[in-house]
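Colleague: Using the numbering used here, you'd call the opening residue of the sequence shown number 1 and step up by one each time.
Glycine included, C-beta positions come from ideal geometry on N, C-alpha and C.
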Amino acid sequence: MPCFVLRYLFSCRDKETAYNLAYEYADTKNEKALSLTDTLIKYDKTETVARAWYIKATYYLNIGNQKEAMRYYDSSNIADYNFLDTYLDKGQLLFGQKKYEAALKSFALGQKLSPASADFYFWVAKTQEAMGQKEDAKINYERAYGLDKSMTEAKQAAEKIDL
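Structure representation (structure tokens):
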């Protein structure tokens with residue numbers, strides 16, 4: 001990204017545009033995401049810098065480098081303990097690696113910070129189900145559906161569990 005574009009984004013205090021552009025780059029596996037997030041990390045001295053680390057993790061995850069993705073998810077957590085997207089995506093990455101205990105820990109932290117978020121209950125349930133904790137999984141699927149009636153996947157998963 002040309003320096004004049006970055007200067008414009010920051011001089012206009014339009015960080016949101018820079019973050020959105022970085023995310024678009026990361027989502028499309030465009031390595032311009034890296035230089036833009038590096039610039040955001042350098043100049044954004046607020047807690048929102050956690051988004052830059054998260055976007056960097058997203059880029060690495062999208063290109064298949066899970067180790068780097070995990071590293072940057074951790075950096076995002078350090079930058080802002082309350083940035084919920086990191087807990088969800090990090091947990092999903094760990095779940096995909098069958099590191100269920102670690103995934104559960106990530107989801108539980110997010111759940112603690114946002115107890116009304118159906119997504120965390122859903123992923124806690126999914127992880128518990130994978131670990132053979134069917135009773136707990138069923139309860140958490142039901143909680144997820146109770147919090148978000150559009151989450152029919154949670155309702156169906158709860159109904160499928162035989163106790």
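Measure the C-alpha to C-alpha separation of Ala118 and Asp14 and round it to an integer number of angstroms.
Modeller: The residue labelled residue 118 in the question sits at position 118 within the sequence shown. The residue labelled residue 14 in the question sits at position 14 within the sequence shown. Going by the C-alpha atoms only, they are around 31 Å apart.
Colleague: Return yes when the Cβ of Lys90 is within less than 7 Å of the Cβ of Tyr73, no when it is not.
Modeller: Taking the first residue of the sequence shown as 1, we reach residue 73 at position 73. Taking the first residue of the sequence shown as 1, we reach residue 90 at position 90. Yes, these two residues count as a Cβ contact at 7 Å.
Colleague: Kindly examine the ligand SAH and report whether one of its heavy atoms sits closer than 6 Å to the Cβ of Ala118.
Modeller: Here there are no bound small molecules, and the ligand SAH is not part of this structure.
Colleague: Do Phe120 and Gly132 have their C-beta atoms within less than 7 Å of each other?
Modeller: The sequence position of residue 120 within the sequence shown is 120, counting from 1. The sequence position of residue 132 within the sequence shown is 132, counting from 1. Contact: no.
Colleague: Does the separation of the CB atoms of Ala52 and Leu40 fall below 7 Å?
Modeller: Here residue 52 refers to the residue found at position 52 when the sequence shown is read from its first residue. Here residue 40 refers to the residue found at position 40 when the sequence shown is read from its first residue. Closer than 7 Å, so yes.
Colleague: Can you give the Cα-Cα distance for Arg143 and Phe122, rounded to whole angstroms?
Modeller: The residue labelled residue 143 in the question sits at position 143 within the sequence shown. The residue labelled residue 122 in the question sits at position 122 within the sequence shown. Cα to Cα, Arg143 sits roughly 8 Å from Phe122.
Colleague: Just checking, does the segment 90 to 109 make contact with the segment 138 to 157 on the three C-beta pairs under 8 Å criterion?
Modeller: Not touching, per the Cβ criterion.
Colleague: Beta-carbon separation of Asp85 and Tyr54 under 7 Å?
Modeller: Along the sequence shown, read from residue 1 onward, the residue named residue 85 stands at position 85. Along the sequence shown, read from residue 1 onward, the residue named residue 54 stands at position 54. Yes, the pair counts as a contact, with Cβ atoms nearer than the cut-off.
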